[in-house]
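Under the numbering used here, the final residue of the sequence shown carries the number 138; numbering is consecutive throughout. Just below is one structure, and these are the notes that go with it.
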Amino acid sequence: MMLLDSPWIERNPNVLAGHPVVAGTRVPVWVLKSHAENGMPVEQLAIEYNLTFDQVREVLRTAQLFSPEQLGAPDDDE
61 MMLLDSPWIE RNPNVLAGHP VVAGTRVPVW VLKSHAENGM PVEQLAIEYN
111 LTFDQVREVL RTAQLFSPEQ LGAPDDDE
């Protein structure tokens, strides 16, 4: 699956330097994935980022196939 096969994720060179974001928002996919991996529940992510539960669930489902770097996370070595 390619990242942009999901209607929940988009890339736009004018939004966050083209890194993947939740469609229709400026919420970076890597941020949601990082918080979820650190134990933040879907419900809390939805509230914190003003998203629906479906948006969060579907974005995380797609994002699980990609590394944080592929999703635009900053490289700790930089």
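Glycine is no exception: its CB is placed at the ideal position from the N, C-alpha and C atoms.
Determine the contact status of residue i and residue j, defining contact as a CB-CB distance below 9 Å.
{"i": "V89", "j": "L131", "result": "yes"}
{"i": "F113", "j": "A123", "result": "no"}
{"i": "V91", "j": "W68", "result": "no"}
{"i": "V87", "j": "V102", "result": "no"}
{"i": "S152", "j": "E118", "result": "There is no way to answer for residue 152, as the model of the chain reaches only from 61 to 138."}
Thinking just about the alpha-carbon of each residue, which of the options is nearest to the one in residue i?
{"i": "A96", "options": "E129, D65, D135, R121", "result": "R121"}
{"i": "T85", "options": "D135, P134, F126, E70", "result": "E70"}
Name the DSSP beta bridge partners of residue i, please?
{"i": "I69", "result": "V82"}
{"i": "V75", "result": "N72"}
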